[in-house]
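Numbering (this note's numbering), first residue to last: 1 to 179. Glycine included, each C-beta is placed from N, C-alpha and C at the ideal position. In this text the structure is predicted, and so the values were computed from the model without any measurement.
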């Protein structure tokens, strides 16, 4: 998997300087949440805290400081929302265990939920990016080493894979909610 190189971030300039800033400014519009997440690879929670906080505020309507708050679920929700989908609207990683459709054969861009330590509540969530040469699951996600990255995790940590709902499924679900 090729990783885009991070570019210096400066929200003080007039023009967006990184792909992440271009997404926030509406200049860049990827087709899928996974493609959008790839544009953020290298974004660091400390160095780019202002960019990330602005993005979470714009996408989710909530103020979140990624240098102080676990933000993997917020990252996935923001990618889904900015791509026109609805996420879980929760900052709990395990909330994605009830999202979309369960699958045992994940495809690139599906959501992967992982256990974190021995906790029954805490977890980690990101997008399935394949497998590495050792058979570990590669996850494109936020809050991985204080940044957005593609990181390998043992399959034994996987709690579930979820396929995001299609736009038709979302429309039908919204119709049911609005009855």
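Quick check on the DSSP output: the beta strand (DSSP E) that includes residue i runs from which residue to which?
i, result
"residue 131", "123 to 131"
"residue 159", "158 to 163"
"residue 114", "111 to 115"
Answer with buried or exposed for residue i, where buried requires no fewer than 16 other C-beta atoms within 10 angstroms of its C-beta.
i, result
"residue 146", "exposed"
"residue 140", "buried"
"residue 149", "buried"
"residue 104", "exposed"
"residue 122", "exposed"
"residue 4", "Its pLDDT being 45, under 50, residue 4 is placed unreliably in this model, and the value from its coordinates should be taken loosely. So residue 4 ends up on the exposed side."
"residue 89", "exposed"
"residue 83", "buried"
"residue 154", "exposed"
"residue 53", "buried"
"residue 120", "exposed"
"residue 134", "exposed"
Which residue marks the beginning of the alpha helix (DSSP H) containing residue i, and which one marks its end?
i, result
"residue 103", "That residue, residue 103, is in no alpha helix (DSSP H); its beta strand (DSSP E) goes 101 to 103."
"residue 82", "72 to 82"
"residue 36", "33 to 39"
"residue 54", "49 to 60"
Who does residue i pair with in a DSSP beta bridge?
i, result
"residue 151", "139"
"residue 44", "147"
**Message:** Any contact between the segment 48 to 63 and the segment 101 to 110? By contact I mean 3 or more CB pairs, one from each, below 8 Å.
**Reply:** Between the segment 48 to 63 and the segment 101 to 110, the count of Cβ pairs shorter than 8 Å is below three; the stretches do not touch.
**Three or more C-beta pairs below 8 Å linking the segment 43 to 52 and the segment 116 to 135** = no
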